[in-house]
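Notes follow once the structure below has been shown.
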Amino acid sequence: MFGFLFQILSTFSFLVLSTTGLAIIFGVMNIINFAHASFIMLGAVATVYLVSLGGLPLFVAFPIATVLVAAIGAVLEFTIIRRLYNRKLDCLLATWAVNIIIVQLVFLLLGTSQPGIDQPFGSFSVKGTSYNFYEVFLAGCAISVLAVVFVLFHYTQFGLQVRAAMQNRDMAAGLGAKTTLIYLKTFALGAAMAGLTGALYAPLMPVSPYFGDRFLWRAFTVLIVGGADPLVGPFMSSVALGGVYGGLTWLWDSVAGSVGILLVTMVFIRLLPNGFTGLLGKLRQSRA
Amino acid sequence: MTTDMAPKTKLHAILGAFNGPQTAGSSPTYWIGFFAAVALIFLYPLFAEDYAVSNNGFLLVWIFLGLSVCILWGYTGIFSFGQTAFFGLAGYAYGIMSINMAPEYSMLAAVTAILIMMLLSALIGYIIFYGGVSSLYIAIFTLMLTLLAETLLNRTSGPQFIIGRASLGGSNGMVGIPPLQLGAGEGSVTFVDKTFFWLIASLLLGVFLGLRVLLNSSWGYLMVATREDPQRTQLFGYDVRLIQLVTYVIAAGLAGLGGVLFASWNNFIAPSSMGMTAATLPIIWVAAGGRSNILSVIIATFALQWINQQLAYSSGQYSLLLFAVLLLTTVMIFPEGVVTTLVNWIIHCRRAASASAERKLLLGGE
Chain A
1 MFGFLFQILS
11 TFSFLVLSTT
21 GLAIIFGVMN
31 IINFAHASFI
41 MLGAVATVYL
51 VSLGGLPLFV
61 AFPIATVLVA
71 AIGAVLEFTI
81 IRRLYNRKLD
91 CLLATWAVNI
101 IIVQLVFLLL
111 GTSQPGIDQP
121 FGSFSVKGTS
131 YNFYEVFLAG
141 CAISVLAVVF
151 VLFHYTQFGL
161 QVRAAMQNRD
171 MAAGLGAKTT
181 LIYLKTFALG
191 AAMAGLTGAL
201 YAPLMPVSPY
211 FGDRFLWRAF
221 TVLIVGGADP
231 LVGPFMSSVA
241 LGGVYGGLTW
251 LWDSVAGSVG
261 ILLVTMVFIR
271 LLPNGFTGLL
281 GKLRQSRA
Chain B
289 MTTDMAPKTK
299 LHAILGAFNG
309 PQTAGSSPTY
319 WIGFFAAVAL
329 IFLYPLFAED
339 YAVSNNGFLL
349 VWIFLGLSVC
359 ILWGYTGIFS
369 FGQTAFFGLA
379 GYAYGIMSIN
389 MAPEYSMLAA
399 VTAILIMMLL
409 SALIGYIIFY
419 GGVSSLYIAI
429 FTLMLTLLAE
439 TLLNRTSGPQ
449 FIIGRASLGG
459 SNGMVGIPPL
469 QLGAGEGSVT
479 FVDKTFFWLI
489 ASLLLGVFLG
499 LRVLLNSSWG
509 YLMVATREDP
519 QRTQLFGYDV
529 RLIQLVTYVI
539 AAGLAGLGGV
549 LFASWNNFIA
559 PSSMGMTAAT
569 LPIIWVAAGG
579 RSNILSVIIA
589 TFALQWINQQ
599 LAYSSGQYSL
609 LLFAVLLLTT
619 VMIFPEGVVT
629 TLVNWIIHCR
639 RAASASAERK
649 LLLGGE
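Residue numbers (the working numbering), protein chains in the order written: chain A, 1 to 288; chain B, 289 to 654.
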């Protein structure tokens, strides 16, 4: 029973961390950032090199990697994304092209296998099965990330302007919000979240230029099931999909988990095309 | 351009079905050039070696996949990242059936594989189009499907994944797929090398002309109307979801045809035919060619796959990087596609030249 809950918890934190960056950018700018996978990979690669070559402690490497990826995200927004705000599909294509370029460059410069780093904290055992403390730490990180996003969006000047720009960009700009700057910051924030995710998972998985790929399609499912709200979406759908995937993986194997996620996503697309965000909106409406 | 002209002769009436504003090129010069090119393509195997012919035939296989993306994205405005799933799965379906059947039934296996893909696409299409999700969601959902298909097929290496005599083979793929064959016994034709080239060229000619008729028919207008403004099309009383669904099924059939031909040429199909790179390449051909022009897409697909093959011999690791840079350049600088932009530029130059010649003539006459 503990194994089951632990599996769900670890899937939940994996889904939350891999999606939040994508969801923030999608929710605020209505752009699907296909470079997300490469941002995650860059975060992981930066961490691995900072620790192994730079000799830095892991917990110093995390923020440096995050800031580094945020800076790359900001540059990307400034050079490419802002020219494509009104061409959503072209924006998807451009970010996808950037994703491939970054992955291929890392592959050409650094090769396939990267140095490995040790996992901190050690492990504990319940009824003879051992579990990593690091996974528990990751769950804590996932919840903290959600809390930070909540505070940022609801209790700061920046969050107020972001929510205004989400509802009506032109109106917000007309009332004096610098929407271009808001979008730049939002994109950098989303990139930072991706970089942090990569950094956090670097000690847990082998790092390669294709590190981000395993996050990508699961992040997409969370996005579809969650909907546009950058807080409600990732949280609710990570709980739901984490339950489905973790449960099925614990019962059978990860293939069953993947198929389960696919089926849930199909049901959502057919019945609730706006995901949990849409469901919540409907509930609010019916109460009012 | 010619639609408002009444057909004058029988020939005009026949050509009229092939011409219209949805496809570029309708002048007699265009069609003469087109049939001259077709004649050259069909004569080509007589003057070349088996290996070169076979290889060029293989390059033509990808065009079906490119056209599949083209009619969906360029004409109907549905951006599907997952057409390669139908390509790969059709290859698997053809492989499983043709390995287990006598060689004379390989055509039946091919047709069945394509029909299975169309049925599958009808199911997926029903979910995405009747659910009414946004075009961005369709893009990520279709990509998700193809990546999941790859993941699942990668795990099929065990003995429990042997269907009849066909082993799915996990990440190594399925081997020993027989080539297509028509008829049985002595009079039969096995499509390899030159005969394969002629088969592909004929299918391609049929598909090209068929698409020109389809795109210039009233159905083609509905496709373009759906792309331009789905809501307005809906308000005119058309069921946009049905238009999208039917186009999606046709496109899946085209991708499936490509997959069957690929598997029969290669005698092999692997899960990587449904991976990230495989999903990306068709998008790049179509974007770089010109998404709403079937001839541009044909040219771009052949040219880019040829470049890809040449690079694979010398510096394969750079080819994907090069293609990604091409995609980025296309999106940023040539949104209409490189081939289309180039052709439009040539036409523009010629028009400008003839206009200035006319002006000179007029001035000289005064």
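From the three backbone atoms N, C-alpha and C, an ideal C-beta is built for every residue, glycine too. Just so it is clear, the structure is predicted and the values come from calculations on it, not from any experiment.
Cβ-based neighbour list, residue i, same chain, cut-off 8 Å, excluding 5 preceding and 5 following
| i | result |
| --- | --- |
| residue 477/B | 469, 470, 471 and 483 |
| residue 274/A | 227, 228 and 281 |
| residue 123/A | 130, 131, 132 and 133 |
| residue 232/A | 226, 276, 277 and 280 |
| residue 164/A | 171, 172, 175 and 177 |
| residue 402/B | 378, 541, 544, 545 and 548 |
Same chain only: Cβ atoms within 6 Å of residue i, ignoring 5 sequence neighbours per side
| i | result |
| --- | --- |
| residue 205/A | none |
| residue 485/B | 333, 341 and 345 |
| residue 65/A | 43, 46, 47, 195 and 199 |
Chain A within 7 Å of residue i, Cβ atoms only
| i | result |
| --- | --- |
| residue 419/B | yes |
| residue 612/B | yes |
| residue 233/B | Nothing about residue 233/B can be read from this structure; chain B reaches only from 289 to 654. |
| residue 621/B | no |
| residue 415/B | yes |
Min CB distance residue i to chain B below 7 Å
| i | result |
| --- | --- |
| residue 273/A | yes |
| residue 90/A | yes |
| residue 104/A | yes |
| residue 296/A | This structure does not reach residue 296/A, given that chain A is present from 1 up to 288, and the question cannot be answered. |
| residue 110/A | no |
| residue 252/A | no |
| residue 215/A | no |
| residue 101/A | yes |
| residue 143/A | no |
| residue 39/A | no |
| residue 93/A | yes |
| residue 8/A | no |
| residue 224/A | yes |
| residue 187/A | no |
| residue 97/A | yes |
| residue 220/A | yes |
Cutoff 7 Å; reference residue i; Cβ partners in own chain excluding five residues on either side
| i | result |
| --- | --- |
| residue 398/B | 382, 468 and 548 |
| residue 492/B | 348 and 351 |
| residue 607/B | 596, 599 and 600 |
| residue 236/A | 226 and 276 |
| residue 367/B | 361, 423, 426 and 427 |
| residue 431/B | 369, 370 and 567 |
| residue 78/A | 184 |
| residue 392/B | 469, 471, 472 and 476 |
Three-way DSSP call (helix, strand, coil) for residue i in this model
| i | result |
| --- | --- |
| residue 406/B | helix |
| residue 123/A | strand |
| residue 307/B | coil |
| residue 463/B | strand |
| residue 167/A | helix |
| residue 386/B | helix |
| residue 247/B | Since the displayed chain B opens at 289 and closes at 654, residue 247/B lies outside it and no answer follows. |
| residue 291/B | For residue 291/B, the pLDDT reaches just 48, beneath the cut-off of 50, and the residue's location in the model is therefore unreliable, although a value from the coordinates is still provided. In this structure, residue 291/B counts as coil in the three-state DSSP scheme. |
| residue 444/B | coil |
| residue 97/A | helix |
| residue 258/A | helix |
| residue 476/B | coil |
| residue 129/A | strand |
| residue 642/B | helix |
| residue 455/B | strand |
| residue 366/B | coil |
| residue 80/A | coil |
| residue 450/B | strand |
Could you list the residues in the region 255-267 of chain A with a C-beta less than 8 Å from some C-beta on chain B, going in chain order? Residues 255, 258, 259, 262, 265 and 266.
Give, in chain order, every residue of the region 13-33 of chain A whose Cβ lies closer than 9 Å to some Cβ of chain B. 26, 30, 31 and 32
Ignoring anything shorter than 4 residues or poking outside the region 513-576 of chain B, list the alpha helix (DSSP H) runs there in chain order. 518-523 and 528-554, all fully within the region 513-576 of chain B.
Against chain A: residues of the region 425-444 of chain B by CB proximity under 8 Å: 425, 427, 428, 429, 431, 432, 433, 435, 436, 439, 440 and 443
Contacting positions in the region 592-619 of chain B - beta carbon closer than 7 Å to chain A: 605, 608, 609, 612, 613, 615, 616 and 619
Near-chain A residues of the region 447-464 of chain B - C-beta to any C-beta below 8 Å: Residues passing the 8 Å Cβ filter: none.
Going along the chain, which residues of the region 557-568 of chain B sit with their C-beta nearer than 8 Å to a C-beta in chain A? Those residues of the region 557-568 of chain B that come within reach of chain A (Cβ to Cβ, closer than 8 Å) are 564 and 568.
Closer than 9 Å, Cβ to any Cβ of chain A: which residues of the region 529-543 of chain B, in chain order? Sequence-ordered contacts of the region 529-543 of chain B with chain A are nonexistent [C-beta pairs closer than 9 Å].
Taking any Cβ of chain C, which residues in the region 53-84 of chain A have a Cβ under 8 Å from it, in chain order? Looking at the structure shown, chain C is missing, and the protein chains on hand are A and B.
Using a Cβ-Cβ cut-off of less than 7 Å, list which residues of the region 373-401 of chain B approach chain A; keep chain order. none
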